[in-house]
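A.B. asks: Structure below; questions to follow.
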């Protein structure tokens, strides 16, 4: 029964990210990319996040087995973190200034870390605000570096 719930959570999170990224790819900002290129980029980001979620779940199961903790409980925590990561990434992808750059989003127990470049200090601050709006985020460690 837990497997079905876990699978459902994963599929829901991946589907939500795919839809958000696809919608973000259709934004009206003119960054020189065609709609098809934006969609391809959104699909690639979604596939990457899905792969990361799968790896997180496998790691959680292995950790749970090694520590004797309930596999379902530990996997559930990892899925929550993966869902937060996916939601933050989708939110960043919808932002005109932040969607064109590669921002690494990591989540551990609800604490989100943002790493990578930022086009401006305003965009860096906006990335923090976007992350804070995601349900389940307890704090944000913004390590984005403003490009000169």
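Numbering (the working numbering), first residue to last: 8 to 155.
The beta-carbon is built from N, C-alpha and C at its ideal position, and this holds for glycine as well.
1. Given residue 131, which residues of its chain have a CB within under 8 Å of its CB, disregarding the five upstream and five downstream residues?
2. Consult DSSP for residue 141 and reduce its assignment to one of helix, strand or coil.
3. What is the rounded straight-line gap between the Cα of residue 138 and the Cα of residue 60?
4. Would you report the Cα separation of residue 105 and residue 64, rounded to the nearest angstrom?
5. Measure the C-alpha to C-alpha separation of residue 97 and residue 111 and round it to an integer number of angstroms.
6. Keeping to the same chain, check which residues put their C-beta closer than 7 Å to that of residue 109; ignore five residues upstream and five downstream.
7. Would you mind sorting residue 142 into buried or exposed? The rule is 16 or more other CB atoms within 10 Å of its CB.
8. Identify, in the order they occur along the chain, each residue of the same chain with its Cβ nearer than 7 Å to the Cβ of residue 120, setting aside the five sequence neighbours on each side.
9. What is the DSSP secondary structure of residue 154, reduced to helix, strand or coil?
10. Buried or exposed: where does residue 134 fall if 16 or more other Cβ atoms within 10 Å of its Cβ makes it buried?
11. Here's the rule: buried if 16 or more other CB atoms are within 10 angstroms of the residue's CB, otherwise exposed. What is residue 115?
C.D. replies: Looking at the atomic coordinates:
1. Indexing the chain shown from 1 puts residue 131 at position 124. Excluding the 5 residues flanking it on each side, residue 131 has same chain C-beta neighbours closer than 8 Å at 125, 149, 151, 153, in chain order.
2. For this step, residue 141 is matched to residue 134 along the chain shown. Looking at residue 141 - three-state DSSP - the assignment turns out to be coil, as it is neither helix nor strand.
3. Position 131 of the chain shown holds residue 138. Position 53 of the chain shown holds residue 60. Distance from the CA of residue 138 to the CA of residue 60, rounded to the nearest whole angstrom, comes to 18 Å.
4. Taking the first residue of the chain shown as 1, we reach residue 105 at position 98. Taking the first residue of the chain shown as 1, we reach residue 64 at position 57. One Cα belongs to residue 105, the other to residue 64, and the distance between them is close to 28 Å.
5. Indexing the chain shown from 1 puts residue 97 at position 90. Indexing the chain shown from 1 puts residue 111 at position 104. Distance between the alpha carbons of residue 97 and residue 111 is about 12 Å.
6. The count along the chain shown starts at 1 and reaches residue 109 at position 102. Here the set comprises 123.
7. For the purposes of this step, residue 142 is taken as the residue at position 135 of the chain shown. With fewer than 16 other Cβ atoms within 10 Å, it is exposed.
8. The residue you call residue 120 lines up with position 113 of the chain shown. Hits under 7 Å: 113, 148, 150.
9. By one-based count along the chain shown, residue 154 stands at place 147. Collapsing the DSSP output to three states places residue 154 in coil.
10. As a first step, residue 134 must be located in the chain shown, where it is residue number 127. It is buried - the Cβ of residue 134 has at least 16 other Cβ atoms within 10 Å.
11. Here the question's residue 115 lines up with position 108 in the chain shown. Exposed is the call here.
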